[in-house]
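One structure below.
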Amino acid sequence: MKRRDFILSGSATLFGLGASTTMASRLVQSTPDAQNLVIQSASYQFRDQPTQNLVSLSPNAPPPVIRGKVGQPMQLSVRNATSDYTAMHWHGLRIPNAMDGVPYLTQMPIADGETFVYEFTPPDAGTYWYHPHCMTMSQMAHGLTGVMVIEEDQETSFDSEQVINLRDFRLKENGEFLPYYSARGAARSGTHGNVLTANWQQSPVYDHPAGSILRLRVVNTDTTRIHRLHLGNAQAKIIAWDGHPVEQDLALPSKENPLFVGPGQRVDFAVLMPTDEEQTVDLIAELPGRRTQIMASLRSVGASLSRDIKDVTPLPQNPVALPNIEQAELHEFVFGWTPEGGAPNDGYCGSLGYTFWSINRTPWPGDAAPATGPLATLERGKSYILRLRNESPNLHPIHLHGLAFVPIRSNLRDLPPLLTDTALLLKDEIIDIALVADNPGDWAFHCHVIEHQKTGLAGYIRVT
Ligand SMILES: [Cu+2]
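Per numbering that gives the first Met the number 0, the sequence shown starts with residue 0, numbered consecutively.
What follows is the structure, encoded as structure tokens:
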């Protein structure tokens with residue numbers, strides 16, 4: 000069966016996709032002013048022998064940092080030069096639904112040789128990222144996760160910047176890939192990588208001016224690992240969380256209380272670089288069952304700029320509507336196990352071959368399954384509270400596309416009310432999140448441990 004048959008048989012319209020001609024018209028030739036992204040196979044040296052069969056946007060390097068500016072239109076032309084299907088998602092960006100990159104829900108998968116042009120104007124500045132939403136497990140595990148920086152449209156107080164893309168690879172000693180998922184992992188906390196990298200390097204060191212104020216953008220793009228991070232005793236400040244500026248003073252994470260950053264989550268720090276030359280600020284991970292690990296280091300070079308951490312000025316707020324909690328309607332979602340089931344119907348976007356997980360006791364039947372309705376339908380412009388209940392012992396970073404939300408309470412901890420797109424649910428945790436349903440469309444809603452997502456912990460929410 001060819002991909003076109005999905006269109007002809009009407010499967011694509013079961014999600015309310017509308018006429019498939021809209022999709023076909025998107026499969027156009029790229030224009031000269033587009034940023035051209037070519038999904039292709041790559042090789043890279045992690046160990047003694049180069050690792051083959053990576054997926055990236057160049058033949059021998061990690062996916063690049065893509066930059067845009069708030070309020071400025073972007074055109075990203077994505078050509079598929081692999082033999083698998085694909086589709087690109089821009090994580091955290093509140094953009095039109097048709098540009099969200101979710102197969103069968105917002106577009107058809109991009110076939111070998113085809114190009115899909117994504118056009119949108121980012122409404123919010125901050126640290127975001129991109130990854131495929133079709134063949135998600137295999138393409139992400141093989142490298143296709145990159146950072147997207149949307150710059151502010153006004154001056155900021157930083158002298159320099161460093162982007163850190165944290166992700167693991169599962170490799171043999173000779174550099175070949177190990178199996179990148181397992182039934183055992185999928186049914187528990189996921190299958191963890193054994194080579195921990197920052198920007199595909201192991202403990203890289205980056206030079207920045209001594210005494211400068213640096214913006215450190217840390218993004219966890221891993222398929223599995225919940226990172227636990229801190230900066231040792233560096234002078235620093237958390238300035239943004241999951242893209243959005245942080246207004247309040249948050250306690251800095253420490254060895255004893257590291258910051259949990261789940262797959263999909265981001266944290267921006269303002270860091271005061273040491274005054275003396277050749278000193279380092281380390282980004283440190285305290286992971287269960289592992290020795291303390293330096294993920295990346297920032298090394299001071301040159302004459303000191305003699306800045307002070309108090310020189311950091313607040314970032315401009317993003318234009319996110321704040322919910323009216325008194326009038327918000329409540330919807331409940333339970334994330335848990337499900338009896339082991341067969342392969343979901345993922346069309347051409349890949350299945351692990353079984354289901355273990357569910358939302359509201361129903362495992363996601365697959366991206367291309369017929370007659371799959373939304374988990375909830377929200378009226379455009381209204382405020383809602385979504386109660387997210389984890390009834391499993393495993394942690395789940397729950398991501399909602401297209402909208403920003405704020406946690407308002409947890410049964411386990413004090414959560415600062417920071418705008419986000421991904422809520423990390425701890426064991427047995429219930430978090431209420433609140434939002435204004437102001438972006439119409441069908442928005443994917445799923446766990447960002449990709450083995451959980453691909454074995455049932457997925458669905459979508461409709462905003463009318
Ligand atoms: Cu999960």
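Just so you know, even glycine gets a beta-carbon here, dropped at the ideal spot from N, CA and C.
Roughly how far, in whole angstroms, is the beta-carbon of residue i from the beta-carbon of residue j, given that I think they are within contact range, below 8 Å?
| i | j | result |
| --- | --- | --- |
| Q247 | L271 | Incorrect: roughly 20 Å between the Cβ atoms, too far for contact. |
| F466 | T196 | In the structure displayed, the chain extends from 0 to 463; residue 466 sits before or after that span and is not available. |
| Q161 | H207 | 7 Å |
| V218 | N173 | 29 Å between Cβ atoms; not a contact. |
| W442 | S391 | About 23 Å separates the two Cβ atoms, so there is no contact after all. |
| I324 | L399 | At roughly 17 Å, the Cβ-Cβ gap does not stay under 8 Å, so I324 and L399 are not in contact. |
| L417 | W128 | At roughly 18 Å, the Cβ-Cβ gap does not stay under 8 Å, so L417 and W128 are not in contact. |
| S409 | Q326 | About 22 Å separates the two Cβ atoms, so there is no contact after all. |
| I293 | A269 | So it is not a contact: roughly 20 Å between Cβ atoms. |
Tell me whether residue i is buried or exposed, calling it buried when 16 or more other Cβ atoms sit within 10 Å of its Cβ.
| i | result |
| --- | --- |
| V492 | Past the boundaries of the shown model lies residue 492; the chain is included only from 0 to 463, so the question cannot be answered. |
| S357 | buried |
| L377 | buried |
| V27 | Low per-residue confidence applies at V27: pLDDT is 44, beneath 50, and the placement is therefore not dependable, though the value from the model is reported in the following sentence. The residue in question, V27, is exposed, as its Cβ has fewer than 16 Cβ neighbours within 10 Å. |
| P244 | buried |
| T467 | Residue 467 is absent from the structure shown; the chain starts at 0 and stops at 463. |
| S76 | buried |
| T222 | buried |
| R183 | exposed |
| T144 | buried |
| K254 | exposed |
| P287 | exposed |
| N393 | buried |
| I430 | buried |
| S82 | exposed |
| E331 | exposed |
| S57 | exposed |
| R306 | buried |
| S24 | Only weak support exists for where S24 lies, its pLDDT of 39 falling under 50; the value from the coordinates is given anyway. By the neighbour-count rule (16 or more Cβ atoms within 10 Å), S24 is not buried but exposed. |
| R290 | exposed |
| L215 | buried |
| P178 | exposed |
| N389 | buried |
| P322 | buried |
With distance defined between alpha-carbon atoms, name the residue in the options nearest to residue i.
| i | options | result |
| --- | --- | --- |
| L385 | P262, V405, P396, N393 | V405 |
| L213 | S82, R224, P273 | P273 |
| G210 | W240, S159, I238, M98 | S159 |
| T190 | L314, A368, A284, P262 | P262 |
| S296 | A403, I429, Q201 | Q201 |
| T421 | Y347, C348, L321, V266 | V266 |
| E450 | L56, M139, H90 | M139 |
| G67 | Q316, P415, T120, H445 | T120 |
| P338 | F332, R360, E328, H330 | R360 |
| A124 | D307, I94, A110, G380 | I94 |
| G341 | A320, W363, E325 | W363 |
| H132 | V148, W89, N96 | W89 |
| T135 | A86, D281, R306 | A86 |
| K426 | G455, F334, G401 | F334 |
| D413 | L249, Y43, W199 | L249 |
| E328 | V319, G242, V435 | V435 |
| V319 | L258, G91, Y179, S303 | G91 |
Between residue i and the rest of its own chain, which residues show a CB-CB distance below 6 Å, the 5 nearest in sequence each way excluded?
| i | result |
| --- | --- |
| L16 | Per-residue confidence for L16 stands at a pLDDT of 40, beneath the threshold of 50, marking its modelled position as unreliable; no derived number is given. |
| V194 | F45, F168, L170 |
| D366 | P102, Y103, D345, G346, C348 |
| S350 | A342, P343 |
| M98 | Y117, F119 |
| P439 | R379, V462 |
| Q278 | S299 |
| A368 | N344 |
Spatial neighbours of residue i within its chain, please: C-beta separation below 7 Å, excluding the five flanking residues on both sides.
| i | result |
| --- | --- |
| D275 | A209, S299 |
| A186 | F355 |
| S156 | I212, D310, V311, T312 |
| N52 | S40, H141, F176 |
| A80 | V37, I38, Q39 |
| N256 | none |
| L411 | L425, E428 |
| T454 | A185, L351, Y353, T354, F355, W356 |
| R166 | T144, T196, T220, D221 |
| G401 | R93, N96, D99, N438, G440, W442 |
| V54 | I38, S40, A41, T81, Q138, H141, G142, L143 |
| D111 | N79, T81, S82 |
Just to confirm my understanding: we take residue i, look at its own chain, exclude 5 residues before and 5 after, and list those with CB closer than 8 Å. What are they?
| i | result |
| --- | --- |
| E150 | R66, G67, K68, V69, A124 |
| P396 | I225, G261, P262, G263, Q264, T421, A422, L423, L424, C446, H447, V448 |
| Q153 | P315 |
Q | Every unbroken alpha helix (DSSP H) inside the stretch 147-186 [4 residues or more] | A | If we require 4 residues or more, the alpha helix (DSSP H) runs fully inside the stretch 147-186 come out as 182-185.
Q: Run through the stretch 344-397 for me and flag every whole alpha helix (DSSP H) of 4 or more residues, listed as ranges in chain order.
A: Runs of the alpha helix (DSSP H) inside the stretch 344-397: none found.
Q) At which residue ranges does the stretch 224-309 contain complete beta strand (DSSP E) runs of 3 or more residues, listed in the order of the chain? A) 226-229, 235-240, 258-260, 265-271, 279-284, 292-300, all fully within the stretch 224-309.
Q.
I'd like the ranges of any beta strand (DSSP E) spanning at least 3 consecutive residues and lying wholly in the stretch 196-223.
A. Counting only runs of 3+ residues, the beta strand (DSSP E) found wholly inside the stretch 196-223 occupies 204-208, 212-219, in chain order.
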